[in-house]
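Chemist: Input: one structure, supplied below.
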Amino acid sequence: MILFVVPEASSVPFEFKVRIFYLIMLSTLAIPMITILGLRLSGTVKSLHMIDIKDRLIPFCVTSVYFLMTVYFMFEMSELDPILWQSLAVITAVVVILTIVTFFWKMSAHMTGVGGLLALVVVLGMNFPNFTILYPLLAALLLAGVVGTSRLFLNAHNPMEVYIGFFYGFFTCFWGFLWVWG
C-alpha cells in the first residue's frame with residue numbers, strides 16, 4: 001500500500017518501488033514460505049497448520065530473522081526513503097513480539113496481520129488527504145471478519161486468541177505507523 005496505493009507516502013521513483021516490492025515479497029513471504037515447507041518436509045514441523053504451539057516456534061523464529069534481515073538491508077540502502085524501512089521496522093517489531101509471545105501463548109498471527117493492515121489504512125487516511133479511505137477501510141474490515149470467522153470455524157483458535165491477535169496487530173501498528181508519519 002505504501003509503495004503503490006498512496007504515491008505521496010514515499011518519494012521513491014516508481015521503477016525503484018517495483019524492485020523494493022519484489023525484495024520485500026521475496027524476503028518476507030516467498031523465502032519464509034519455502035523454509036516452512038522445508039521444515040514440514042523434513043518433519044521438524046508436524047503440520048503446515050501449526051495448530052500445536054510447538055510447531056509454531058521454529059517457523060516464527062525463522063520468519064522473524066528474515067524480517068529483521070530485510071529491515072537491516074533496507075536501512076543500509078542510504079538512497080532509500082526512510083519511511084519504507086521504518087514502516088517495515090514497525091511490521092517487523094510486531095512479528096518479533098508475536099514470536100516471543102508464541103513461546104508462552106498462542107495468538108492468531110492471521111488476525112495480527114489483518115489488524116496491522118487495518119491500522120495502516122487508518123493511518124494513511126489520517127495523514128494523506130488525497131487517499132480515499134472508504135473502500136480500503138471496508139475491504140480491511142471485511143477481511144478481518146472473514147479471517148476471524150474462518151480461524152474460529154476451523155477451530156484453529158479460540159475467540160480470545162483471535163481478538164487479542166487482532167487488537168495487538170491494530171494498536172501496535174497504529175502507534176508505530178503514527179510514529180513513522182508523525
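Residue numbers (my numbering): 1 to 182.
We put the beta carbon where it would ideally sit given N, CA and C, even for glycine.
These numbers were taken from a predicted model, which means no experiment stands behind them.
In chain order, what residues of the same chain have a beta carbon less than 7 Å from the beta carbon of R151, not counting five sequence neighbours either side?
Modeler: Excluding sequence neighbours, R151 sits near S108, H110, M111, H157, V162.
Chemist: Hey, could you find the ends of the alpha helix (DSSP H) I51 is sitting in?
Modeler: Note, I51: premise wrong, no alpha helix (DSSP H); not H, not E.
Chemist: Quick one: residues in its chain with C-beta nearer than 6 Å to the C-beta of P13, no 5 flanking neighbours on either side, listed in chain order?
Modeler: None.
Chemist: Just to confirm the assignment, what range does the alpha helix (DSSP H) spanning I133 have?
Modeler: I133 -> no alpha helix (DSSP H), and no H or E assigned at all.
Chemist: Where do the ends of the alpha helix (DSSP H) carrying F103 lie?
Modeler: Where F103 is concerned, there is no enclosing alpha helix (DSSP H), given that its DSSP letter is neither H nor E.
Chemist: So, at 6 Å on beta carbons, what are the nonlocal neighbours of F170 in its own chain, with the 5 sequence-adjacent residues on each side left out?
Modeler: G115, L118, A119, listed in sequence order.
Chemist: Taking only runs that begin and end inside the stretch 89-175, name each unbroken alpha helix (DSSP H) of 4 or more residues, in chain order.
Modeler: If we require 4 residues or more, the alpha helix (DSSP H) runs fully inside the stretch 89-175 come out as 109-127, 134-153.
Chemist: Can you name, in chain order, every residue of its own chain whose Cβ lies under 6 Å from the Cβ of W63, other than the five neighbours on each side?
Modeler: Checking the sequence shown, residue 63 turns out to be Thr, not Trp. P32.
Chemist: So, is D55 buried or exposed, given that buried needs 16 or more other C-beta atoms within 10 angstroms?
Modeler: Buried: at least 16 other Cβ atoms inside 10 Å.
Chemist: Residues in the same chain with beta-carbon distance under 6 Å from P136, minus the five sequence neighbours each way, listed in chain order, please.
Modeler: Excluding sequence neighbours, P136 sits near V121.
Chemist: Please return the same chain residues whose Cβ sits closer than 8 Å to the Cβ of L141, not counting the five positions on each side in sequence.
Modeler: Closer than 8 Å at Cβ, skipping near neighbours: L118.
Chemist: Thinking I53 and K17 are a contact (beta carbons under 8 Å), I'd like their distance in whole angstroms, please.
Modeler: Going by Cβ atoms, the distance from I53 to K17 rounds to 38 Å, so no, they are not a contact pair.
Chemist: If contacts are defined as beta-carbon pairs under 8 Å, then V71 and T92 qualify, I think. What distance do you get, rounded to the angstrom?
Modeler: Between T92 and V71 the Cβ distance is about 5 Å, and since that is below 8 Å, they are a contact.
Chemist: Going along the chain, which residues of its own chain have a beta-carbon closer than 6 Å to the beta-carbon of G165, five neighbours each way excluded?
Modeler: Excluding residues within five positions, the ones whose Cβ falls inside 6 Å are M107, S108, M111, T112.
Chemist: From this set, G125, G145, A144, P129, which residue's C-alpha is nearest F177's C-alpha?
Modeler: The option with the nearest alpha carbon to F177 is G125.
Chemist: To test your reading of the DSSP string, which unbroken alpha helix (DSSP H) runs of 4 or more residues are found completely within the stretch 2-33?
Modeler: For the stretch 2-33, whole alpha helix (DSSP H) runs of length 4 or above, ordered along the chain, are 14-25.
Chemist: Using alpha carbons as the reference points, say which of T99, F103, M74, I97 lies closest to R19.
Modeler: Of the listed residues, the one whose Cα sits closest to R19 is M74.
Chemist: What is the DSSP secondary structure of V71, counted as helix, strand or coil?
Modeler: V71: helix per DSSP, three-state reduction.
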